[in-house]
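Novice: Structure provided below as structure tokens; questions to follow.
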Amino acid sequence: MAKLCLKHFSVADYDVDIGAHREPIWPLDIIGTISHCANQAVALVAKRSSYRFVGIDIERFINKRNAEYIGFNIHDKYEFSLLLEQGFSNSVITTLIFSAKESLFKAIFSYIKKYIDFECARVTEVNVYERSLVRALKPSLSYYCYGCNEFKCYYFMTETSVTTIILE
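Sequential numbering of the sequence shown, starting at 5, is according to our numbering.
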């Protein structure tokens, strides 16, 4: 999938290696991200001169029982209520917030060079018409991201999965 995306930028015969933290290693002028889940794979690649932050994630929906069990590790009460007000179920809320945080992590990893936990970012806005969430990053991390502390995360849902994208 990554090689196919690179062909669009006339990059031939480049093997996308995996770094020490399992991150894809792209050509110097390219920024990209990959994700896979079950039998699906997605990749998003752009010119580094056009975008600084690129993140994508795909997740199968967490079942209701597991969402209730692990939700408190993924979102806080404010985030949960924000999405619940929009009519999302517990399963969708937990999966969507998890995926959005994964996309954010992938988008900023090349700047912060470390793993972050779920408390490092928070959903502060939801726009169901745009199918987007705004993710606010803790100030201590925004320092590493050129002062960027908010990231818009777009989402797309099917019956079985959610895909989230950050492209800024």
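Glycine included, every Cβ here is placed at the ideal spot set by N, Cα and C.
Grouping DSSP H, G and I as helix and E and B as strand, with all else coil, what is Y158?
Specialist: Within the sequence shown, residue 158 is the residue found at index 154, counting from 1. Y158 falls in the strand class under three-state DSSP.
Novice: Report yes if the C-beta distance between L137 and C152 is below 8 Å; otherwise report no.
Specialist: Within the sequence shown, the letter at position 133 stands for residue 137. Within the sequence shown, the letter at position 148 stands for residue 152. Contact flag unset, no.
Novice: Out of curiosity, what's the CA-to-CA distance linking R26 and A47?
Specialist: Looking up residue 26 in the sequence shown gives position 22. Looking up residue 47 in the sequence shown gives position 43. Rounded to the nearest angstrom, the two C-alpha atoms are 15 Å apart.
Novice: Nearest to F109 by CA position, among E134, K51, T164 and T168, is which residue?
Specialist: Here residue 109 is taken as the residue at index 105 of the sequence shown, counted from 1. It is T168 whose Cα lies nearest to the Cα of F109.
Novice: Check whether the Cβ atoms of I35 and M5 lie closer than 8 Å to each other.
Specialist: For this step, residue 35 is matched to residue 31 along the sequence shown. For this step, residue 5 is matched to residue 1 along the sequence shown. Not a contact, by the Cβ cut-off of 8 Å.
Novice: Ignoring anything shorter than 4 residues or poking outside the stretch 68 to 144, list the alpha helix (DSSP H) runs there in chain order.
Specialist: Qualifying alpha helix (DSSP H) stretches, in chain order: 68 to 78, 81 to 88 and 94 to 116.
Novice: Would you report the Cα separation of L88 and I78, rounded to the nearest angstrom?
Specialist: For the purposes of this step, residue 88 is taken as the residue at position 84 of the sequence shown. For the purposes of this step, residue 78 is taken as the residue at position 74 of the sequence shown. When rounded, the distance between both Cα atoms is 15 Å.
Novice: Within its chain, find whatever has a CB closer than 6 Å to the CB of L10; leave out the 5 residues flanking it on each side and keep chain order.
Specialist: Your numbering for residue 10 matches position 6 in the sequence shown. Excluding positions up to five away in sequence, the list reads Y18.
Novice: Is the beta carbon of E172 sitting closer than 8 Å to the one on F155?
Specialist: In the sequence shown, counting from the first residue as 1, residue 172 sits at position 168. In the sequence shown, counting from the first residue as 1, residue 155 sits at position 151. Contact: yes.
Novice: Taking the alpha-carbon of K105 as reference, which of A45, Y115 and Y119 has the nearest alpha-carbon?
Specialist: Here residue 105 refers to the residue found at position 101 when the sequence shown is read from its first residue. When each option's Cα is compared against that of K105, the closest is Y119.
Novice: Tell me which same chain residues have a C-beta within less than 6 Å of the C-beta of I29, skipping the five on either side of it?
Specialist: Counting from one through the sequence shown, the residue named residue 29 turns up at place 25. Result list for I29: D21 and G23, in chain order.
Novice: Taking its Cβ as the centre, do 16 or more other Cβ atoms sit within 10 Å of T128, making it buried, or is it exposed?
Specialist: The residue you call residue 128 lines up with position 124 of the sequence shown. Its Cβ having fewer than 16 others within 10 Å, T128 is exposed.
Novice: Would you kindly work out how many angstroms separate the C-alpha atoms of C149 and A71, rounded to a whole number?
Specialist: Translated into the one-based positions of the sequence shown, residue 149 becomes position 145. Translated into the one-based positions of the sequence shown, residue 71 becomes position 67. Using only the alpha carbons, I get a separation of about 31 Å.
Novice: Under the assumption that I170 contacts S107 (Cβ atoms under 8 Å), give the Cβ distance between them as a whole number of angstroms.
Specialist: Here residue 170 corresponds to residue number 166 of the sequence shown, with the count starting at 1. Here residue 107 corresponds to residue number 103 of the sequence shown, with the count starting at 1. The Cβ separation is near 5 Å, so the contact holds.
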